[in-house]
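*Asks:*
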Amino acid sequence: VHLVPFGEYLPFADLLGRLGLKQLVAGPTTYAAGNERHPIELPGGIRVLPFICYEVIFPDLVAVDATSAELIVNVTNDAWFGDTPGPYQHFRQAQIRAVENGVPLLRAANNGISAVVDPRGRILDALAIDARGAIDVQVPISNQAIVSSSQRRINGLMIMLLFALAAFTMNVRQRLRAN
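Shown next as structure tokens:
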């Protein structure tokens, strides 16, 4: 649903193509983004919503409720981050999606952080970056989301409003101190 810029597609391809730039990385560049996502039903009736790579960082894309999926699965390759904070940030963003949606997260990274996260964001088990291994843990599946999708949208707006209010208050205080 979301292609990786410069890796899976070239932003401003028409303009850059006229300048002679066709691609920045080796390999195929004819990927096409999907327009919808459907849960996969596992044996036992558990509905899984899969996300590839960085798709999991988009809150609106990962808007899950108990009627659509009971589990978020994120399969990713964090190699391109190199030795940076990137793999940790990518994992934490996925962890937040589990909390926002009130469903557990299974994350498999070929060289990032693989983990099982419960609906409250607690890490049940994990493999460190570049660690080989398997995780064997019972995943807590629930048919009831902690927060409804409408509440999530309202909560997000409230958080943005509070941050804006805090920034405004700090700005006013600094101006008053300067005078």
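Just so we're on the same page, my numbering is the position in the sequence shown counted from 1, plus 3.
For every residue, glycine included, the Cβ atom is placed at its ideal position computed from N, Cα and C.
1. Tell me which residues share the same chain as Glu39 and place their Cβ nearer than 7 Å to its Cβ, disregarding the 5 neighbours each side in the sequence.
2. Could you please give the first and the last residue of the uninterrupted beta strand (DSSP E) stretch that includes Ile99?
3. Is there contact between the stretch 15–23 and the stretch 53–65, where contact requires at least three CB pairs shorter than 8 Å?
4. Determine the closest residue to Phe84 out of Arg21, Gly115 and Ala181, with distance taken between C-alpha atoms.
5. His41 to Leu74, Cα distance in whole Å?
6. Expressed to the nearest angstrom, what Euclidean distance is found between the alpha-carbon atoms of Arg125 and Ser145?
7. Considering only DSSP beta bridges, list what Glu44 is partnered with.
8. Kindly indicate the opening and closing residues of the alpha helix (DSSP H) around Asp17.
9. Report the rounded CA-to-CA distance for Tyr91 versus Val102, giving the unit in angstroms.
*Replies:* Taking the coordinates as given:
1. none
2. Segment Gly89 to Asn104 is the alpha helix (DSSP H) holding Ile99; no beta strand (DSSP E) there.
3. In this structure the stretch 15–23 does not touch the stretch 53–65; the number of beta carbon pairs closer than 8 Å is below three.
4. Gly115
5. Whole-angstrom Cα-Cα distance: 12 Å.
6. 15 Å
7. Arg50
8. Ala16 to Arg21
9. 17 Å
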